[in-house]
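Let me begin by presenting the structure, written as structure tokens, before commenting on it.
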Amino acid sequence: MNEQTIAKLIEMKMNGMAEAYEEQSSNRDFQRMD
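Mapped onto my numbering, the consecutive letters of the sequence shown carry residue numbers 3 to 36.
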């Protein structure tokens, strides 16, 4: 799911959003928000 989301963001030329999404998904503080 995450890879598909990142690929779609890049496809829509939303590279900054894709980078932020990747960074947040690897950040433990964001993971604990669930």
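Don't be surprised by glycine CBs; every beta carbon is placed ideally from N, CA and C.
Only a predicted model underlies this, so the values are computations on that prediction, with no experimental measurement involved.
Counted as a single uninterrupted DSSP element, the alpha helix (DSSP H) harbouring Arg30 occupies residues 30-33. Beta-carbon to beta-carbon, Ala20 and Ile8 are separated by about 5 Å, close enough to satisfy the 8 Å threshold. Beyond the five residues adjoining it in sequence on each side, Phe32 comes within less than 8 Å, by CB distance, of Gln26 in the same chain, given in chain order.
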